[in-house]
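Residue numbers (the working numbering): 162 to 448. Worksheet for the structure shown next.
This is the structure we're talking about:
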């Protein structure tokens, strides 16, 4: 299946690009807004949430928000609500749960945040979906194909990462990576669903390590990634040139105007950023 949107990135981490910048005056009145980003996955892990204010375009720094109160909640399939944790350690606007969190597939998760000035935020309640089974990855002269099983009777949305490390390359830090977003409209319930990529082909592969990950997303998180990818492509285009040190969608800085699944309950408006709930499967194949 052709993904709805896809970006392919060829990366050389060891090379730093020189750049030339010219300062352009910005006379537009700037009003800082709160940006919240974080996620919970199926892994037993510390949950990390970043809270900051947006800054003017000519400001390369950050404006972290400290002293916020964060609560992580869950609700089981019976509708019983429970506080998972409200204990977070913070530094420079980055909040990390004081203990590792074990999530439960099928449960709903969300966060509630109150700032020092009383402003209250709440993310949409989203279900932690089941893990996807990846059966194979195939590299040919025509395509790179990931085969996986799509759950039956459910609308699913995926973030798919395909990373290839060529051990014959003299630079050990060099690799290619593709990020794709797709839904399951064309293969709903198939145990042989496919994701194809043809940006960087390998023919008869040898001495390669292929790392695949598929994140099973809720629609809101999927839509957020899709919008983020659209913004990124608008800035640099699809297919970044060899030598860039940009490492992809998941590691991009927060866009200045990207609305996600978080509600400012004080003003009854959508806030910037998102809190994702996603289950990720990883798969490695060596040629």
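From the three backbone atoms N, C-alpha and C, an ideal C-beta is built for every residue, glycine too.
Counting every other CB atom within 10 Å of its CB across the protein chains shown gives residue 198 a total of 16 or more, marking it as buried. In this structure, DSSP gives residue 385 a helical state, which the three-state scheme calls helix. Judged by DSSP secondary structure, residue 361 falls outside any beta strand (DSSP E); it is assigned neither H nor E. Inside the stretch 299 to 368, DSSP marks whole beta strand (DSSP E) runs of 3 or more residues at positions 305 to 310, 318 to 327, 335 to 344, 354 to 358, from first to last along the chain.
In this structure, 374 is the residue among 283, 246, 374, 344 with its C-alpha nearest to the C-alpha of residue 307.
The DSSP-derived three-state label of residue 289 is coil. By alpha-carbon distance to residue 190, the top candidate from 238, 216, 266, 437 is 216. Taking C-beta atoms under 8 angstroms as the contact rule, residue 291 and residue 269 fail to qualify, at a distance of about 14 angstroms.
From the listed residues 222, 289, 336, the smallest Cα separation to residue 441 is found for 289. Of all alpha-carbon atoms in 392, 211, 209, 193, the one lying nearest the alpha-carbon of residue 220 is that of 193. Minimum Cα-Cα distance from residue 242 among the listed residues 327, 316, 233, 250 corresponds to 233.
Ranked by how close their Cα comes to the Cα of residue 381, the residues 444, 252, 437, 274 have 437 in first place. Residue range 249 to 252 is occupied by the beta strand (DSSP E) that includes residue 251.
Around the beta carbon of residue 213, a 10 Å sphere encloses 16 or more other beta carbons of the protein chains shown; the residue is thus reported as buried. The DSSP-derived three-state label of residue 213 is strand. By the criterion of a C-beta distance shorter than 8 angstroms, residue 367 is surrounded in its chain by 329, 448, once the five residues flanking it on both sides are discounted. With contacts defined by Cβ atoms closer than 8 angstroms, residue 257 and residue 209 form a contacting pair. Residues 320, 439, 441 of the same chain have their beta carbon placed closer than 6 angstroms to that of residue 376, with the five preceding and five following residues left out of the count. Secondary structure at residue 194: coil, using DSSP grouped into helix, strand and coil. The residue among 284, 222, 266 with its C-alpha nearest the C-alpha of residue 237 is 266. For residue 223, same chain residues with a beta-carbon under 8 angstroms away, outside a window of 5 residues either side, are 213, 216, 253, 254 in chain order. Leaving aside the five residues that flank residue 200 on each side, the residues in its chain whose CB is nearer than 6 angstroms to its CB run, in chain order, 437.
Scanning its chain for C-beta atoms nearer than 6 angstroms, with the 5 sequence neighbours on each side dropped, one finds around residue 228 the residues 277, in chain order. For residue 434, the pairing in a beta bridge is given by DSSP as 197. For a cut-off of 8 angstroms, the C-beta gap from residue 443 to residue 298 is around 12 angstroms, too long to register as a contact. Annotated three-state conformation of residue 391 is helix, per DSSP.
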